[in-house]
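Okay, here's the thing in structure tokens:
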């Protein structure tokens, strides 16, 4: 049903829960609804006065309690009063208190849904797991956000003021920011504790300025602790917090100083993100565009062996690879689909075309990003003698997000020396040495006003040893190969500039033809980077 208190009227609820919890309550301007004891409401609106508690015949005031439980939103523009009276917010709906609640001095507890304080609330607030506190008003008491609870300043972008603030480990401060430099902010009139909490930066639509800084928290007292996790849906993950002597901010790469009263957030430039983030999509760890292009350049044509001259007598190769890179609390996984075709020219040189396709997922610290990279290339494998070949390769690659928005692109030119020699008992020893240059090309990172400007020189050196696998289920012609590889990048600073591989592979002849063999191979590689990250890769390939 509906309860409507008209202007000038007062409705006194003497008994606990005197109104059915399912009732819609509307208090008109100039009207008063007084609730004694504990009252439960499902819908509240109007601009009158809701007074919780009562004064007995001896002049003693007895506080009351309001339990609000609704799955839909309610907006109350009136006055909420009651010294010592409490407010408990249940249900998934939102309760907006837009009027004056400064005379409501009991604790407001958010059990579920969102409580928006857009006026002044005289008590403190406790936000439990599954609850959210927001708005553009003032909470005069202290605010405590438990693990699983959220503090979300503003109704869109806005500022909330609190008496003091405690963000427990596992809680989240949600900050919206726009491309005009505006962001949500928390102003604390006292101390702030943020040890172990998560900071979530939510960008609104638009193009953001790389390197821009947002002030997100200011305290009259001290700010103790640091955010355990800084997360955003921006394509670059190098957001960090800066703590200084009167606020906290998000900036890329800086370390927190002494306990502060200000926190700020800075969006990294693409190059700085590559410098501080080992999971940078363009120049990070093994799943990045740079390292995938490096591997493609080094491995191009390594399994091909066309015997007859002519494009139509060439060899095709395809494969499938799976990898995982763990570093700094992130887990980056990728799946590689290498496609290749090679054919023999009149002078014995082998021409190579390939087009690796990579799907990359990065998870951790509240992030869940999905990217794809494409890096077609081509070159020649030129024989110097029976044991030595050189291989120039040119390549262009790009990485995009899950919606195919551009993140970054690279162009490369490399020269690889392949040397192999037969040892006793049909064993084989080989060395692969590659030098190359990789340069940024293309436009801005989607959502930012800046692009990568990377200039890298790579040195990659491998030693291989292989031999036959006689009398095994793999059949005639089966072989094994093991290798160690060292890859180093020189140029702009990178979070991952050196990586070592240790790998082993087996291959077997599937069927022999007049011009070449059909070969199936499988390999396993473990990697260690100077960033402290570890990776493992498994690859299978088929040459036909």
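Numbering (the numbering used here), first residue to last: 650 to 1193.
We treat Cβ as the ideally placed atom computed from N, Cα and C, and that holds for glycine.
Note that the structure is a prediction, hence the values are computed from the model and not measured.
Short of 6 Å in beta carbon distance, which residues of its chain neighbour residue i, apart from the five on each side in sequence? Order them along the chain.
i, result
"residue 1021", "1008 and 1049"
"residue 716", "689 and 737"
"residue 792", "774, 811 and 814"
"residue 683", "661 and 700"
"residue 759", "738, 776, 780 and 782"
"residue 949", "1001, 1003 and 1042"
"residue 744", "717, 723, 738 and 764"
"residue 675", "653, 694 and 695"
"residue 709", "none"
Have a look at residue i and residue j and give me their C-alpha separation to the nearest angstrom.
i, j, result
"residue 878", "residue 852", "17 Å"
"residue 815", "residue 927", "31 Å"
"residue 904", "residue 1134", "Its pLDDT being 43, under 50, residue 904 is placed unreliably by the model, and the measurement read from it follows with that caveat. Approximately 34 Å between the Cα atoms of the pair."
"residue 783", "residue 885", "27 Å"
"residue 1122", "residue 1046", "40 Å"
"residue 924", "residue 691", "53 Å"
"residue 820", "residue 952", "52 Å"
"residue 936", "residue 999", "28 Å"
"residue 892", "residue 1188", "45 Å"
"residue 1164", "residue 1074", "Low local confidence applies: a pLDDT of 47 at residue 1164 is under 50, so the model's placement there is unreliable, and no value is given."
"residue 805", "residue 825", "7 Å"
"residue 730", "residue 766", "14 Å"
"residue 1092", "residue 1055", "8 Å"
"residue 984", "residue 1170", "17 Å"
"residue 962", "residue 992", "7 Å"
"residue 922", "residue 1148", "19 Å"
"residue 757", "residue 750", "11 Å"
"residue 790", "residue 772", "5 Å"
"residue 788", "residue 747", "12 Å"
"residue 1034", "residue 1052", "48 Å"
"residue 1061", "residue 1128", "33 Å"
"residue 958", "residue 1192", "17 Å"
"residue 742", "residue 719", "5 Å"
"residue 1172", "residue 1102", "34 Å"
"residue 655", "residue 868", "43 Å"
Relative to the C-alpha of residue i, which candidate in the options has its C-alpha closest?
i, options, result
"residue 934", "829, 707, 1137 and 660", "1137"
"residue 880", "1014, 1054, 991 and 946", "1014"
"residue 762", "999, 755, 722 and 1089", "722"
"residue 965", "1075, 958 and 954", "954"
"residue 1067", "1073, 1061, 1077 and 1060", "1077"
"residue 1040", "1063, 1052, 757 and 1023", "1063"
"residue 866", "828, 823, 857 and 695", "823"
"residue 704", "725, 733, 694 and 982", "733"
"residue 1081", "1060, 1089, 1036 and 1053", "1036"
"residue 882", "740, 969, 1012 and 1070", "1012"
"residue 1152", "1185, 1142 and 1090", "1185"
"residue 1085", "1033, 1132, 1070 and 1139", "1139"
"residue 778", "772, 799 and 771", "799"
"residue 844", "890, 986, 740 and 915", "890"
"residue 947", "742, 988, 855 and 1083", "1083"
"residue 726", "828, 769, 990 and 686", "769"
"residue 755", "742, 735, 740 and 741", "735"
"residue 1031", "995, 1019 and 1059", "995"
"residue 794", "753, 842 and 1168", "842"
Got a sec? Which residues, its chain only, sit under 7 Å from residue i by beta carbon, not counting five neighbours each side?
i, result
"residue 1125", "1158"
"residue 830", "861"
"residue 908", "Legend: pLDDT at residue 908 = 39, less than 50; position of this residue unreliable, value from coordinates given subsequently. Correct list, in chain order: 871, 872 and 873."
"residue 1028", "949, 1001, 1040, 1041, 1042 and 1043"
"residue 1104", "1088, 1140 and 1141"
"residue 1072", "1078"
I think residue i touches residue j, with their Cβ atoms under 8 Å apart; what is that distance to the nearest whole Å?
i, j, result
"residue 837", "residue 870", "7 Å"
"residue 1113", "residue 1057", "Incorrect: roughly 32 Å between the Cβ atoms, too far for contact."
"residue 697", "residue 713", "Rounded, the Cβ-Cβ distance is 16 Å, inconsistent with contact."
"residue 846", "residue 818", "7 Å"
"residue 1026", "residue 932", "With a Cβ gap of about 18 Å, residue 1026 and residue 932 do not count as contacting."
"residue 943", "residue 1107", "6 Å"
"residue 857", "residue 1097", "5 Å"
"residue 850", "residue 888", "6 Å"
Near residue i, what residues of its chain come up, given a Cβ to Cβ distance below 8 Å and the 5 sequence neighbours on each side ignored?
i, result
"residue 808", "785, 802, 833, 834, 835 and 836"
"residue 1183", "974, 975, 976, 1175, 1176 and 1177"
"residue 1180", "927, 934, 976, 977, 1144 and 1145"
"residue 1100", "919, 1057, 1089, 1091, 1092, 1093 and 1094"
Say the cut is 8 Å; is the CB of residue i nearer than that to a heavy atom of the ligand GTP?
i, result
"residue 772", "Summarising the ligand content, the structure contains no ligands, and the ligand GTP is consequently not present."
Query - Every unbroken beta strand (DSSP E) within the region 1051-1087, with a cutoff of 3 residues, ordered by chain - result: 1055-1071
Requested in this report: Any chance you could list the beta strand (DSSP E) runs of at least 3 consecutive residues sitting entirely within the region 921-1005, in chain order?
Outcome: 964-976, 979-986, 988-993 and 999-1003
Query raised in the report: Where are the beta strand (DSSP E) runs, 3 residues long or more, that stay fully inside the region 758-843, in chain order?
Result: 762-766, 774-776, 780-784, 787-794, 799-802, 808-816, 821-826 and 834-837
Requested in this report: Kindly provide the ranges of any beta strand (DSSP E) runs that are 3 or more residues long and lie completely inside the region 660-731, ordered along the chain.
Outcome: 673-676, 681-684, 687-690, 692-695, 698-701, 714-718, 723-725 and 728-730
Query - Start-end ranges of the beta strand (DSSP E) lying completely within the region 733-759, minimum 3 residues - result: 735-739, 743-746 and 757-759
Query raised in the report: Which runs of the beta strand (DSSP E), 3 residues or longer, sit entirely within the region 1079-1130?
Result: 1104-1117
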